[in-house]
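Taking it in order: structure first as structure tokens, then the write-up.
Here is the structure:
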């Protein structure tokens, strides 16, 4: 009886741990009676005359049961640890993969963003160049139009002056033969003065007009003056033809220079338009790239966070497994020590 009493005192100290093991680890087997109730029953059997051998066998079986339970828990904890390692390895890999995807997408997003900004700047410069080139073309057209107008005016003035000279020569010949009147001579003289003003040749034309006046005021003896006048008119006619040829050649050259310059400007402008279209297409492509990479970034960031949270949760769970395993193992160790002490006391009593 003293053996059982001492055993109960020793057991009460481990009662809480034994109960905790039974309640917290139902996975290691069906719930069993506590050591207190078992030893209490053992005390009752010994008190009623039960044999010591039966008690020893009972305690041996109890010890074997605790050992078996520890073996099962060892196996369970090994499985849990393997599962934990696999889970943590998987989540670590998923987090790393997500980080790699996130880094690549972020880098690609920055590349697309940089390329888009560069294209935007180039497009602004391109549009400014288009505007300036279009203005140059309009100015060039305006200058050419003004040049053509000026040339046509000069050409017409020369034609009018040549017509006046040719009429003057005819009238002069007619006047010499008596077929022209003084009124006709006066009219042609006035017209030549007007042409001289237009052609800015007032000096030579004023000489011719002066000779006309001399002829009109003389009653005779004007043969010498007549010949001199005729020669001046013929020289002027030749000069006007030469000058008309010169301004025509200058006009042709101006037209050629205008055509060459305009072709160059139009070609440059068209190249700018083609470049503009390419830049706009590139900008659109970079916008799509940014949208795609932004979606990938969001997805990768979410995957990284989710797997990081699962990793943390799994780590806590695995730590709980380890802690519970250590606690349960310690409880069984105490139970085995207690059973061994009771068994030793009973054997000592029997001897």
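In mature numbering (1 follows the signal peptide of the UniProt record, and there is no 0), the protein residues as written are -18 to -1, 1 to 333.
Idealized CB from N, CA, C, for every residue including glycine.
Bear in mind the structure is a predicted one, so any value in this text is a computation, not a measurement.
Proximity to residue i [Cα-Cα], best of the options
i, options, result
"residue 296", "21, 74, 60 and 55", "74"
"residue 126", "212, 324, 249 and 236", "236"
"residue 299", "286, 51 and 63", "63"
"residue 98", "82, 319, 316 and 266", "266"
"residue 209", "151, 68 and 124", "151"
"residue 344", "118, 220 and 330", "Coverage of the chain is limited to positions -18 through 333, which leaves residue 344 absent and any answer about it impossible."
"residue 147", "218, 318, 156 and 130", "218"
"residue 72", "50, 114, 291 and 244", "291"
Short Cβ contact (8 Å threshold) for residue i with residue j
i, j, result
"residue 112", "residue 254", "yes"
"residue 21", "residue 313", "no"
"residue 143", "residue 222", "yes"
"residue 46", "residue 328", "no"
"residue 344", "residue 101", "Because the chain in this structure spans residues -18 to 333, residue 344 falls outside the shown range and cannot be described."
"residue 303", "residue 66", "yes"
"residue 289", "residue 77", "yes"
"residue 88", "residue 270", "no"
"residue 212", "residue 122", "no"
"residue 258", "residue 108", "yes"
"residue 286", "residue 69", "no"
"residue 331", "residue 48", "no"
Alpha carbon of residue i to alpha carbon of residue j, nearest angstrom
i, j, result
"residue 233", "residue 133", "7 Å"
"residue 293", "residue 321", "41 Å"
"residue 283", "residue 268", "22 Å"
"residue 263", "residue 86", "24 Å"
"residue 344", "residue 90", "Past the edges of the chain, shown from -18 to 333, lies residue 344, and the structure says nothing about it."
"residue 42", "residue 28", "16 Å"
"residue 104", "residue 272", "19 Å"
"residue 316", "residue 306", "15 Å"
"residue 335", "residue 156", "This structure gives no information on residue 335, because the portion of the chain shown stretches from -18 to 333."
"residue 116", "residue 251", "7 Å"
"residue 39", "residue 310", "25 Å"
"residue 19", "residue 318", "16 Å"
"residue 50", "residue 44", "10 Å"
"residue 52", "residue 30", "33 Å"
"residue 24", "residue 56", "29 Å"
"residue 326", "residue 54", "27 Å"
"residue 79", "residue 61", "27 Å"
"residue 238", "residue 106", "33 Å"
"residue 131", "residue 96", "52 Å"
"residue 145", "residue 224", "15 Å"
"residue 110", "residue 149", "58 Å"
"residue -12", "residue 26", "Only weak support is given to the placement of residue -12: the predicted model assigns it a pLDDT of 41, under 50, and the value that follows is read from those uncertain coordinates. Spanning the two alpha carbons is a distance of roughly 13 Å."
"residue 231", "residue 124", "20 Å"
Cβ-based neighbour list, residue i, same chain, cut-off 7 Å, excluding 5 preceding and 5 following
i, result
"residue 136", "229"
"residue 59", "303 and 307"
"residue 244", "119 and 122"
"residue 240", "122 and 126"
"residue 138", "none"
Cβ-based neighbour list, residue i, same chain, cut-off 6 Å, excluding 5 preceding and 5 following
i, result
"residue 83", "282"
"residue 114", "none"
"residue 256", "none"
"residue 277", "none"
"residue 10", "Unreliable placement is indicated for residue 10, whose pLDDT of 41 sits below 50; the coordinate value is still reported in the next sentence. The residues are 51, 54 and 55."
"residue 6", "The predicted position of residue 6 is uncertain, since its pLDDT is 34 and thus under 50; no value can be drawn from it."
8 Å CB neighbourhood of residue i in its chain, flanking five on each side removed
i, result
"residue 242", "none"
"residue 92", "none"
beta-carbon residue i near the ligand ADP non-hydrogen atom, thresh 7 Å
i, result
"residue 283", "The ligand ADP is not part of this structure, which contains no ligands at all."
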